[in-house]
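Engineer: Please find one structure pasted underneath; my questions will follow.
Numbering (our numbering), first residue to last: 9 to 148.
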């Protein structure tokens, strides 16, 4: 039996529609899963943060008192922690640069190519070239 071209095209279209339906269902299910996980995470953090804060409060007090007794600061300045975090980021970046080396960006090369020479500079360069030609003629 011979199939007509319209039947073959109909089967191909049906297959394409089937694939697109499966893809769409995958995207919808992924969206539902990700939204539910975000909502569950936020509600879980709302519940656990106060509990964790209250559970660790005695240990924080003990730590502050022992530091006061030893003569050290009882608290850490926020600026100091930010500086320490920035230093860690810079060290990681430095390690990455040491590992892969320094690469020049292509943006700089493009910006250097776009620079145009003004007419005044062209005239000065022409004068220099003409002077060089005259000097070479005298040397011959």
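The beta carbon of each residue, even a glycine, is placed where N, CA and C say it ideally should be.
Quick caveat, the model's predicted, so the values are computed rather than measured.
Quick one: give me the first and last residue of the alpha helix (DSSP H) that residue 124 is part of.
Structural biologist: Taken as a continuous stretch (DSSP letters only), residue 124 belongs to no alpha helix (DSSP H), as it is neither H nor E.
Engineer: In this structure, how does DSSP classify residue 109 when only helix, strand and coil are distinguished?
Structural biologist: Coil.
Engineer: Taking the straight line between their C-alpha atoms, what separation do you get for residue 48 and residue 41?
Structural biologist: Using only the alpha carbons, I get a separation of about 10 Å.
Engineer: Out of curiosity, what's the CA-to-CA distance linking residue 54 and residue 101?
Structural biologist: The alpha-carbon atoms of residue 54 and residue 101 are separated by roughly 34 Å.
Engineer: Mapping the DSSP letters down to three states, classify residue 9 as helix, strand or coil.
Structural biologist: With a pLDDT of only 48 at residue 9, under the threshold of 50, the placement of this residue in the model should not be trusted; the figure read from the coordinates follows. Reduced to three states, the DSSP call for residue 9 is coil.
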